[in-house]
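Read in order, the letters of the sequence shown correspond to residues 942 to 1079 in our numbering. Idealized CB from N, CA, C, for every residue including glycine. First comes the structure, then the notes that go with it.
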Amino acid sequence: MAANAEDMITLTSAEQDSGGANPSGTTAPDAEDLVITDNSELGIYEATIGDQTAAGLVYNKIGNRVILRATSVLPEFRGKGVAARLIGGVLDELRIQGKTATITCPFTAAFVNAHPEYADVLDPVFPGSHTTGQEHEH
């Protein structure tokens, strides 16, 4: 999985998942077997479908707070709700762990704006860009 993770870093630094962004959380039938793992060595939550890395959410941790920095989806998985499932899964896990999130990723901000049930996961002091207005939805 290290080779796939390196590919995700390159993709994340150069390109956001702007094509087919779907913050509504709609699930595609072929995304049923999506698995989220925390690649803490690289600071990426990875979503895999089957044996392929489909998406990544780059983060940094500061104490009990996780800064969600950038979301990327590999081109062949875009427009299938993979990013929304990744973000929702990460936020659910942070809630279970008692951690908070600061959002700097526009797609993640759009997801949280569309899903106010995740407001409790946002860090009360440093929530990030979730309420900065209309985020990038393409």
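Buried or exposed by the 16-neighbour rule on C-beta atoms within 10 Å, applied to residue i
i	result
residue 981	exposed
residue 978	exposed
residue 1054	buried
residue 1047	buried
residue 965	Here the model assigns residue 965 a pLDDT of 41, short of 50, so the residue's position is not dependable, and the following value carries that caveat. So residue 965 counts as exposed.
residue 985	buried
residue 976	exposed
DSSP state of residue i mapped onto helix, strand, coil
i	result
residue 1059	helix
residue 1043	strand
residue 951	Below a pLDDT of 50, predicted positions are generally treated as unreliable, and residue 951, at 28, falls in that range; the measurement from the model is reported next regardless. In this structure, residue 951 counts as helix in the three-state DSSP scheme.
residue 972	Note on residue 972: pLDDT 48, under 50, position unreliable in the model; no value is reported.
N-terminal and C-terminal residue of the alpha helix (DSSP H) that residue i is part of
i	result
residue 1029	1023–1038
N-terminal and C-terminal residue of the beta strand (DSSP E) that residue i is part of
i	result
residue 1015	Segment: none, residue 1015 is in no beta strand (DSSP E) and carries neither H nor E.
residue 1064	That residue, residue 1064, is in no beta strand (DSSP E); it is neither H nor E in DSSP.
residue 983	That residue, residue 983, is in no beta strand (DSSP E); it is neither H nor E in DSSP.
residue 997	993–1003
Nearest neighbour of residue i, chosen from the options [CA to CA]
i	options	result
residue 1002	1033, 1029 and 983	983
residue 1033	1062, 1006 and 1069	1062
residue 1005	997, 1029 and 1043	1043
residue 1059	1031, 1020, 990 and 994	1031
Residues that DSSP places opposite residue i in a beta bridge
i	result
residue 1050	Looking at the DSSP assignment, residue 1050 forms no beta bridge with any residue, so it has no partner.
Residue i at chain D interface by Cβ criterion, 8 Å
i	result
residue 992	Here chain D cannot be found, since the structure has a single protein chain.
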